[in-house]
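Chemist:
Number of protein chains: 2
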Amino acid sequence: MLKKPESKPEMLYAGIQMTRPLLRTISNRVEADLEGTDLTVGQRAVLEATLALEQATAPQLTDFLQLKRQFVAKVLKELLDKEQVAQVSNPRHKRSVFYCLTPSGKALIKKVRKAEMKRIEEFAKVFSEEEVETYYRMQCVLNDALSKRS
Amino acid sequence: MLKKPESKPEMLYAGIQMTRPLLRTISNRVEADLEGTDLTVGQRAVLEATLALEQATAPQLTDFLQLKRQFVAKVLKELLDKEQVAQVSNPRHKRSVFYCLTPSGKALIKKVRKAEMKRIEEFAKVFSEEEVETYYRMQCVLNDALSKRS
DNA sequence: GTTTTATTGTCAATAAAATTGACAAATATC
DNA sequence: GATATTTGTCAATTTTATTGACAATAAAAC
Chain H
1 MLKKPESKPE MLYAGIQMTR PLLRTISNRV EADLEGTDLT VGQRAVLEAT
51 LALEQATAPQ LTDFLQLKRQ FVAKVLKELL DKEQVAQVSN PRHKRSVFYC
101 LTPSGKALIK KVRKAEMKRI EEFAKVFSEE EVETYYRMQC VLNDALSKRS
Chain S
151 MLKKPESKPE MLYAGIQMTR PLLRTISNRV EADLEGTDLT VGQRAVLEAT
201 LALEQATAPQ LTDFLQLKRQ FVAKVLKELL DKEQVAQVSN PRHKRSVFYC
251 LTPSGKALIK KVRKAEMKRI EEFAKVFSEE EVETYYRMQC VLNDALSKRS
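Heads up: the sequence lines are chains H and S, in that order.
Mapping the first sequence onto the numbering used here, position 29 (from 1) lands on 29, and the numbers just tick up by one.
Positions in the second sequence are counted from 1; adding 150 to them yields the numbering used here.
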């Protein structure tokens, strides 16, 4: 159905292009895991980011997630209400505090991740260590490079 | 900031996880290219899919894009109004016609792609042929596998 | 060949995700 | 110290996508 791209840049472009439908299929899958957790996609993303960064201010989470600060703030508030994240005072800034996961928030995001990990393990088998390593590295580099400068 | 995942499944999971922020950074970038073209993200996606499939029914586009048929139909209608896609009668189905790009639609999506390709070329330089090939293949396999069954 | 089931198109209502605008408070820069 | 930038907060809006409902067509079952 789809012809394979011929040049290296074309192939990279095609691979990147695939990100949108891929995210769509992932989201559809992930939805099931979120069901019963009372989490929205946004909340899940912020929990994930907070887990990854361990402790972060709202602007740091905003950078990480590439979203608008107002949206992140709204989600953080929801998570605060649910006591899944907590504030830690920031000596360097009076208003801009740190956020970290509460025990229950940490348990929740870990549970969600674990369920998904189980599925991913199936796919990991299909690829070699090197392939997965390349994939991971390229995702990191692309994300990094594209989020910086013009 | 982020510690590298240790096991193969973890690394694959982390790579996949990165899809969301990556798409976000890509979208931010892509926005600029869409500016002045009067295209929405949905329209762009459908044009892209129609280019890739050359000729496709609405259900085929729906499968490809992993969206709901109603949404695809709405976007197709918009593109028909703008004369960027055209209908071709389908001998196998009275109602479900084929869609293909009009010359102007084809020119438009190719122009958008070209602008983006220019940026991607920079990144392609950074990676080897094998790395790009692996990346492309993994994106294909993941997208394929995740969109089917279970 | 007829009945039943699934697919497809269409219209409408709704929801989710994210952006934008505006303003005040805190911080950083000069 | 004055000015510019960052950050938090409240509100309105937009974009994207889903869901529900119903009729027309096609496919499957019988």
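The beta-carbon is built from N, C-alpha and C at its ideal position, and this holds for glycine as well.
(1) Would a check of beta-carbon distances place Pro253(S) closer than 8 Å to chain H?
(2) Which residue from Ser297(S), Leu203(S), Ala236(S) puts its Cα closest to that of Lys4(H)?
(3) Measuring CB to CB, does Leu251(S) end up less than 8 Å from Leu197(S)?
(4) Report the neighbours of Glu283(S) on chain H: residues whose CB is nearer than 8 Å to its CB, in chain order.
(5) Just checking: is the beta-carbon of Arg29(H) within a distance shorter than 8 Å of some beta-carbon in chain S?
(6) Need the endpoints of the beta strand (DSSP E) that Arg29(H) sits in, please.
(7) Check the Cβ-Cβ distances between Cys100(H) and every residue of chain S, and say whether any is below 8 Å.
(8) Could you check where the beta strand (DSSP E) with Leu101(H) kicks off and where it finishes?
(9) I want to see whether chain H comes within less than 8 Å of Phe221(S), judged by CB atoms only; does it?
(10) Counting along the chain, where does the alpha helix (DSSP H) carrying Ser89(H) start and finish?
(11) Specify the secondary structure class of Thr187(S) as computed by DSSP and reduced to three states.
(12) Use the C-beta contact count for Arg219(S): other C-beta atoms within 10 angstroms, 16 or more gives buried, fewer gives exposed.
(13) With Ser205(S) and Phe248(S) assumed to form a contact (beta carbons below 8 Å), what rounded beta-carbon distance in angstroms separates them?
(14) Over what stretch of residues does the alpha helix (DSSP H) that includes Glu279(S) continue unbroken?
(15) Would Ala334(S) and Ala208(S) be called neighbours here (beta carbons separated by less than 8 Å)?
(16) Around the Cβ of Gln87(H), are there at least 16 other Cβ atoms within 10 angstroms (buried) or fewer (exposed)?
(17) Along chain H, which residues have their Cβ under 7 Å away from the Cβ of Thr175(S)?
(18) Please determine whether the Cβ atom of Leu217(S) lies at a distance below 7 Å from any heavy atom of the ligand NAP.
(19) Find the residues of chain S that neighbour Gln139(H), judging by a C-beta separation of less than 7 Å, and give them in chain order.
(20) With a threshold of 8 Å on Cβ separation, who are the neighbours of Lys351(S) within its own chain once the five nearest residues in sequence on each side are excluded?
(21) Report yes if the CB atom of Leu61(H) is closer than 8 Å to the CB atom of Gln84(H), and no otherwise.
(22) Counting only beta-carbon atoms, is Val126(H) nearer than 8 Å to chain S?
(23) Taking C-alpha atoms, which residue in Arg269(S), Leu217(S), Lys158(S), Val291(S) lies nearest to Tyr13(H)?
(24) Please classify Leu173(S): is it buried, with 16 or more other beta-carbons within 10 angstroms of its beta-carbon, or exposed?
(25) Our contact map puts Glu266(S) next to Val180(S) with C-beta atoms below 8 Å; I'd like the distance itself, whole angstroms only.
(26) The alpha helix (DSSP H) spanning Lys224(S) covers which residue range?
(27) Can you name the residues of chain H whose CB is closer than 8 Å to the CB of Tyr201(S)?
(28) Thinking C-alpha only, which one of Glu10(H), Asp38(H), Glu6(H) is nearest Phe273(S)?
(29) What number of angstroms, rounded off, separates the C-alpha of Arg149(H) from the C-alpha of Asn293(S)?
(30) Would you kindly report the start and end of the unbroken alpha helix (DSSP H) that includes Pro5(H)?
(31) Counting only Cβ pairs nearer than 7 Å, list the residues of chain H close to Leu152(S).
Modeler: Taking the geometry as given:
(1) no
(2) Leu203(S)
(3) yes
(4) Met11
(5) yes
(6) Looking at the DSSP string, Arg29(H) is not in any beta strand (DSSP E); the run it does join, the alpha helix (DSSP H), is 19-34.
(7) no
(8) 93-101
(9) no
(10) No alpha helix (DSSP H) contains Ser89(H), which is instead part of the beta strand (DSSP E) from 85-90.
(11) coil
(12) exposed
(13) Sequence check: residue 205(S) is Gln here, not Ser. About 5 Å; that satisfies the 8 Å criterion.
(14) 279-297
(15) Residue numbering for chain S in the displayed model covers 151 to 300; residue 334(S) lies beyond these limits and cannot be assessed.
(16) exposed
(17) Gln66, Asn143, Leu146, Ser147
(18) You won't find the ligand NAP in this model; it holds no ligand whatsoever.
(19) Gly165, Met168, Leu172
(20) In this structure chain S extends from 151 to 300, so residue 351(S) is not present and cannot be described.
(21) no
(22) yes
(23) Arg269(S)
(24) buried
(25) 7 Å
(26) 219-231
(27) According to the sequence as given, residue 201(S) is Leu; it is not Tyr. Residues of chain H passing the Cβ test: none, with the nearest at roughly 11 Å.
(28) Glu10(H)
(29) Residue placement at Arg149(H) is poorly supported in this model, since its pLDDT is 45, which falls under 50; the coordinates still yield a value, given next. Roughly 29 Å between the two C-alpha positions.
(30) That residue, Pro5(H), is in no alpha helix (DSSP H); it is neither H nor E in DSSP.
(31) Ala52
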